[in-house]
Amino acid sequence: MKRTKHKPHIDKEFVAENAQHIEKDDLDKLSRKRKRLQKILNLKVFAKQKQKFKLLLEILKQYRKGTYRKIPWRSVASITFTLLYIINPLDIVPDVLPIVGYVDDISVFMALMRLIDEDIKEFESWKSSQITEY
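Taking the numbering used here, the leading residue of the sequence shown gets 32, the next gets one more, and so forth.
The structure is reproduced here in structure tokens:
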């Protein structure tokens, strides 16, 4: 099946390729749009993924604060791209379409989770070691 420019195939490569265009300023943009992101994440369609989203936000928070820098920039950029993609109402399938509009968002999110699975495990390990130190 031939891919077209209008309907890209959403997979790990899609996330990785688009993450290459993310810059450090985009982390600030995401931070400014945190309320919109929170509102979207509270939708029923994202209920099963809510804890994972919180973990991603925690990774970005610790990265921005400088307390966790073990994660590679490509993973930070991939998380940032994915969250910005989710808050963009005019992505591949517009979010104004009930339920169907979030299918591509969930697909991008799942591709991200496959792409950075090892980085997430390392962060969780780091985070639990921080708790046991106190």
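Note that beta-carbon positions come from the ideal geometry of N, C-alpha and C, so glycine has one too. What you are looking at is a predicted structure, and each value in this text was computed from that prediction instead of being measured.
Looking only at its own chain, which residues have a Cβ that is under 6 Å from the Cβ of residue i, when we skip the five neighbours before and after it?
i: residue 107; result: 94
Suppose the cutoff is 7 Å on Cβ atoms and the five residues either side in sequence are ignored; what does the same chain contact list for residue i look like?
i: residue 146; result: 43, 46, 47 and 109
i: residue 34; result: Caution is warranted here: a pLDDT of 38 is assigned to residue 34, below 50, making its placement in the model unreliable, and the coordinate value is therefore given only provisionally. Around residue 34: 40.
i: residue 58; result: 91, 95 and 111
i: residue 72; result: 81 and 84
i: residue 75; result: none
In the DSSP assignment, the alpha helix (DSSP H) including residue i goes from what residue to what residue?
i: residue 54; result: Careful: residue 54 lies outside any alpha helix (DSSP H) and carries neither H nor E.
Note down, in chain order, each residue of its chain lying with its Cβ closer than 8 Å to the Cβ of residue i, except the 5 sequence neighbours on either side.
i: residue 55; result: none
Tell whether a beta-carbon distance below 9 Å holds between residue i and residue j.
i: residue 117; j: residue 140; result: yes
i: residue 113; j: residue 86; result: no
i: residue 60; j: residue 115; result: yes
Open item on the list: Please give the ranges of any beta strand (DSSP E) in the stretch 56 to 144, keeping only runs that are unbroken, at least 3 residues long and fully inside the region.
Closed with: If one requires a minimum length of 3 residues, no beta strand (DSSP E) run lies completely within the stretch 56 to 144.
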